[in-house]
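Asks:
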Amino acid sequence: MTKRWIAAVLAAGLLACNLAFAQAKDVSELAWVEGPTTAQIAGKATLKVPEGYAFLDPAGAREFNRLTENPDSGVDEYVLAKDDLSWVAFFTFDPVGYVKDDEKLEADDLLKSVTEGTEESNEERKRNGWDAVHVTGWAFKPQYDGGIKSLEWAFRLKGEHSKGESVNYNTRLLGRRGVMQVLLVTGQDGLQASVADFKARLPGFSFNDGDRYADFRPGDHVAEYGLAALVTGGAAAVAAKKGVFAAIGIFLLKMWKVLLVGLAGGFAAIRKFFGGKGAQS
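Mature numbering (1 follows the signal peptide of the UniProt record, and there is no 0) puts the sequence shown at residues -22 to -1, 1 to 259.
1) For Asp198, which three-state DSSP category applies?
2) For Ile19, which option in Ser172, Gln159, Ala178 has the closest C-alpha, if you only look at C-alpha atoms?
3) State buried or exposed for Ser140, treating a residue as buried only when at least 16 other CB atoms are found within 10 Å of its CB.
4) Quick one: residues in its chain with C-beta nearer than 7 Å to the C-beta of Ala32, no 5 flanking neighbours on either side, listed in chain order?
5) Hey, would you say Asp189 sits closer than 8 Å to Arg150, going by beta carbons?
6) Kindly indicate which residue of Val200, Gly182, Gly204, Ala201 has the alpha-carbon position closest to the one of Lys26.
7) Quick one: what's Arg134 bridged to in DSSP?
8) Closer than 6 Å by C-beta to Asp72: which residues in its own chain qualify, once you throw out the five before and the five after it? Chain order, please.
9) Can you give the Cα-Cα distance for Ala110 and Arg195, rounded to whole angstroms?
10) Terminal residues of the continuous alpha helix (DSSP H) containing Ala171?
11) Which value, in whole angstroms, describes the spacing of the CA atoms of Thr210 and Thr15?
12) Might you give, ordered along the chain, the residues of its own chain that have their beta carbon closer than 6 Å to the beta carbon of Asn100, omitting 5 neighbours on each side?
13) What do you get for Ala178, buried or exposed, if any count of 16 or more other CB atoms within 10 angstroms of its CB means buried?
14) Considering only their Cβ atoms, is the gap separating Gln166 from Arg134 smaller than 8 Å?
15) Please classify Pro49 as buried or exposed, where buried requires at least 16 other C-beta atoms within 10 Å of its C-beta.
16) Tell me Gln121's beta-bridge partners as DSSP assigns them.
17) Pull up the distance between the alpha-carbon of Ala192 and that of Val200, whole angstroms please.
18) Leu8 to Gly38, Cα distance in whole Å?
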């Protein structure tokens, strides 16, 4: 990823994402690995990174989260980004075991649960000096594709002092020993184009031999929850059913990522400034 170009993109979006110029420079200087290349994810899968895209390992992802004031998830994250930063996707493997996919999804109930959990998480955000985040609705209701064992959904979010909405587009790729969690962060305005571009990259993802959903064998560990809990927080949702309702709030505190909306806006501004030319070194 061209450092000078990223710095320009970030600098152009300062007002939108509250990044100081020094932070923008720091983000551009992270250890981005440019495509084309093949990246390893958690020892469970590989991801093809084409030309025009870039990748961060867990160390780089943690620093990226720090610089953009997004909470540390507490687990290893891997980042795939369009080189104009119009969207960024975070990959995390959750070794929960084999998730059965025969559960019916009730969109209204799921939205209510996540909205309430998000408001719970805002107390911790405020203690950290961060703006509250509010769920404003579905951008894409949960949909499961049994053929490729993929669950997708997207929430619309709004920061307390943000002018526009951001979208967290979630994908869960089911494997034999767990779930690959993928969070795509983009702006509401560019949602369709970003999702289409991101989904065009997903065929480059593959679980390793022996770790695919179809590789399940009797005796393998089976997760204690199904598809619905993947939307509301997995183990946190199970804890909530047992009375530990704050668990969903803690999960959502770590899950939401909203500041990247400014980066997409910054890219639009810088493209206009340069007359729509592409990145240059």
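For glycine and all other residues, C-beta sits at the position ideal for the given N, C-alpha and C.
Replies: The relevant details are as follows:
1) In the three-state reduction of the DSSP assignment, Asp198 falls in the coil class.
2) Nearest of Ser172, Gln159, Ala178 to Ile19, Cα basis: Gln159.
3) With 16 or more other CB atoms across the displayed protein chains lying within 10 angstroms of its CB, Ser140 is buried.
4) Closer than 7 Å at Cβ, skipping near neighbours: Met(-22), Trp10, Val11, Glu12, Gly13, Ala59, Asp61.
5) No, Cβ-Cβ distance for Asp189 and Arg150 is not below 8 Å.
6) The residue with the shortest Cα to Cα distance from Lys26 is Gly182.
7) Paired residue(s): Gly115, Val145.
8) Only Gly156, Val157, Gln159 meet the Cβ criterion.
9) Roughly 44 Å separates the two Cα atoms.
10) Where Ala171 is concerned, the enclosing alpha helix (DSSP H) stretches over 169 to 179.
11) Counting only the Cα atoms, Thr15 lies some 33 Å from Thr210.
12) For Asn100, where only same-chain residues beyond five positions count, the Cβ hits under 6 Å are Ala110.
13) By the neighbour-count rule (16 or more Cβ atoms within 10 Å), Ala178 is not buried but exposed.
14) Yes, the Cβ-Cβ distance between Arg134 and Gln166 is below 8 Å.
15) Buried, because 16 or more other Cβ atoms sit within 10 Å of the Cβ of Pro49.
16) According to DSSP, Gln121 bridges with Glu130.
17) Looking at the two C-alpha atoms, the distance is approximately 14 Å.
18) Their Cα atoms are separated by approximately 6 Å.
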